[in-house]
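Take the sequence shown: its letters are residues 1 to 365, numbered as in the UniProt record's numbering. Data first, discussion second: the structure below is written as C-alpha cells.
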Amino acid sequence: MTPTTLPARRHSSRNATLATGLGWLAAFAVLAALPLLLTADSNKFYIELLSKVMIMAIFALSLQLLIGYTGLVSLGHAAYFAMAAYATAILAPQAGPGNGWLLLAGALTASALLALVVGALVLRTRGVYFIMVTLAFAQMVYFVFHDTNIAGGSDGTYIYFRPEFPVPGEHLLTVNDPTHFYWLVWLGLVLTVAVLALVLRSRFGHALVGIRHNEQRMRAAGYATYRYQLGAFVAGGMLAGLAGFLYAIQFGFVNPEIASWHQSGNAMLMVILGGVGSLAGAVLGAFSFVLLAEWFSTLTKHWQLLMGGFIIVAVALLPRGLVSLPSVLRHGRRGRRNGDAGTGTDEAAVTADSRSEGRRNTEAA
Numbered sequence: 001m002t003p004t005t006l007p008a009r010r011h012s013s014r015n016a017t018l019a020t021g022l023g024w025l026a027a028f029a030v031l032a033a034l035p036l037l038l039t040a041d042s043n044k045f046y047i048e049l050l051s052k053v054m055i056m057a058i059f060a061l062s063l064q065l066l067i068g069y070t071g072l073v074s075l076g077h078a079a080y081f082a083m084a085a086y087a088t089a090i091l092a093p094q095a096g097p098g099n100g101w102l103l104l105a106g107a108l109t110a111s112a113l114l115a116l117v118v119g120a121l122v123l124r125t126r127g128v129y130f131i132m133v134t135l136a137f138a139q140m141v142y143f144v145f146h147d148t149n150i151a152g153g154s155d156g157t158y159i160y161f162r163p164e165f166p167v168p169g170e171h172l173l174t175v176n177d178p179t180h181f182y183w184l185v186w187l188g189l190v191l192t193v194a195v196l197a198l199v200l201r202s203r204f205g206h207a208l209v210g211i212r213h214n215e216q217r218m219r220a221a222g223y224a225t226y227r228y229q230l231g232a233f234v235a236g237g238m239l240a241g242l243a244g245f246l247y248a249i250q251f252g253f254v255n256p257e258i259a260s261w262h263q264s265g266n267a268m269l270m271v272i273l274g275g276v277g278s279l280a281g282a283v284l285g286a287f288s289f290v291l292l293a294e295w296f297s298t299l300t301k302h303w304q305l306l307m308g309g310f311i312i313v314a315v316a317l318l319p320r321g322l323v324s325l326p327s328v329l330r331h332g333r334r335g336r337r338n339g340d341a342g343t344g345t346d347e348a349a350v351t352a353d354s355r356s357e358g359r360r361n362t363e364a365a
C-alpha cells in the first residue's frame, strides 16, 4: 500500500460521512416542515398517515439493528412493539390524561424486560432455530393477550385520553392536535436515528458487525459475544417499544393483532425492501411499504397481491434494497456512456486494467 493510499481513503470516508449526515439533515428538515404546508383541515389525514409512517420507520430501525448489524433474524419482533403498546394502555388513567413521560418509561421498561428474558433464551440457538423460537415467543405474547382478560381479550382495550408531556418552560405539551403529535413522532424518529448512528460508530457497534461476520473469530479475540448480542437484542426491543408506545397513543386502541406474526413479517419486509444493513434503508423501506399499502388499498380490496408483486419486482431488480437505487442508476449511466464510446472504451478498459494490476503488484511488494 502506497503512503498516499491511507489518507486518501480516510478523506473519502470523511466525505461519505459528511454527505450522509447532510442527507439526514435535509430529510428531517423536509419532514419537520410538512405540517406547515398541510395546514388545512382536509390535510389532517395526511398528517396522521405520515405520523404512522414514521412510527413504522422506528419499528423497522429497531429490527434493522438486529438483522442488518448483528445478524440476528428475528421473526417475533412484534412482541416488544405490542408489549409497550399494551403497557401504555394498561397504565393510562381512565379518568383523564396521564403523564406521557411516565407512560413512556413504563412502556420501554416492559418491552426491555420482555426482550431481556426472550433474548437470554433464544440467543442460545442459531440459524432457523433462532427464527422459529423468536416466532414462538411472539405467538405466546399474542395468545396471552388474546385468550385472557388482561386487557380486553380479543376485543382489545382503549386509551380514552392522550397523555400530556410536562416540559421545561411550558405547563404541558399536549398531543391531541395531530400536528403536535406529528412533531412528537418526528422527534422520536430523529433520536432513534441519532442514537443508532452513534452506537454503530462506537466500539460496541463495531463489535456487533464483527460478530455478524464471524462470531467464532470475535470470541477467540476475547469478545463476550453473547453479552454483545443480548445488549443489541434488548436495545432493539426497547426501540420497538418506543414505536409501540407512539402507536398506542396515535390510535387510542390496541388489540392482540399487533403482536401477530403478520406485524413481525411487515417489519422484516420493510427492512428487506429498503436495504439490509442500512439505517436509511430501514426508513426508506418503511415509507415505501406503508404509503404503497395505503395507495394500493384504495385501488382494490385485494391490495396485498399488488404489494406482493411490487416487493418481488423490487427485490429482483434491487437485491440490496431501494437504498441502492441511486448507485444502480449512476452505474447504468456510466455503462451507457462507455457503450457509446465504441472500441475506444475497450482500449481504455485494457489500459486501466493493466494500470490497476501494476498498482496491485506495487502494493503487494
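Glycine is no exception: its CB is placed at the ideal position from the N, C-alpha and C atoms.
Q. In whole angstroms, what is the alpha-carbon distance linking V118 and R330?
A. 44 Å
**Q.** Cα-Cα separation, G156 to I58
**A.** Whole-angstrom Cα-Cα distance: 23 Å.
Q) Are the CB atoms of V323 and S278 nearer to each other than 8 Å? A) yes
Q. Sorted by chain position, which residues of the same chain lie with C-beta nearer than 6 Å to G241's C-beta, five sequence neighbours on each side aside?
A. So the qualifying residues of the chain are Y80, A84, A107, L108 and S111.
Q) Quick one: what does DSSP say N99 is sitting in, helix, strand or coil? A) Looking at N99 - three-state DSSP - the assignment turns out to be strand.
Q) What is the residue span of the alpha helix (DSSP H) that H213 lies within? A) DSSP places H213 inside the alpha helix (DSSP H), whose first and last residues are R203 to H213.
Q) Does DSSP put F253 in a helix, in a strand, or in coil? A) strand
(Q) According to DSSP, simplified to helix, strand and coil, what is T174? (A) strand
Q: Go through its chain and collect everything with a Cβ distance to A365's Cβ below 8 Å, but skip five positions before and after it.
A: At A365 the pLDDT is 41, less than 50, meaning the model places this residue with poor confidence and gives no usable figure here.
(Q) Quick check on the DSSP output: the alpha helix (DSSP H) that includes I311 runs from which residue to which? (A) W303 to L317
Q) Taking the Cβ atom as the reference point for each residue, do G173 and F165 lie within a distance shorter than 8 Å? A) First, the amino acid is wrong: residue 173 is Leu here, not Gly. Against a cut-off of 8 Å, the Cβ pair of F165 and L173 comes out as a contact.
Q. Just to confirm, are G71 and T134 a CB contact at a threshold of 8 Å?
A. Contact flag unset, no.
Q. Do you know offhand how far A19's Cα is from A197's?
A. 14 Å
Q) Could you give the distance in angstroms between the alpha-carbon of G127 and the alpha-carbon of H213? A) 14 Å
Q) If you draw a straight line from the C-alpha of W303 to the C-alpha of R227, how long is it? A) Distance between the alpha carbons of W303 and R227 is about 42 Å.
(Q) Considering only the alpha carbon of each residue, which of L273, L284 and I55 lies closest to G308? (A) L273
Q. Tell me the DSSP bridge mates of E164?
A. For E164, which the question treats as bridged, DSSP gives the partners N99 and T174.
Q. Where do the N-terminal and C-terminal ends of the alpha helix (DSSP H) with G285 fall, by residue?
A. In this chain, the alpha helix (DSSP H) harbouring G285 covers L279 to L299.
Q) When the Cα of G152 is compared with those of G96, V254 and L269, which residue comes out closest? A) V254
Q: Going by CA-CA distance only, name the one from A267, Y160 and T179 that's closest to L38.
A: T179
Q. When you compare only the Cα positions, how much space is there between H206 and Y69?
A. 9 Å
Q. Among G210, A286 and P97, which one has its Cα closest to the Cα of G321?
A. A286
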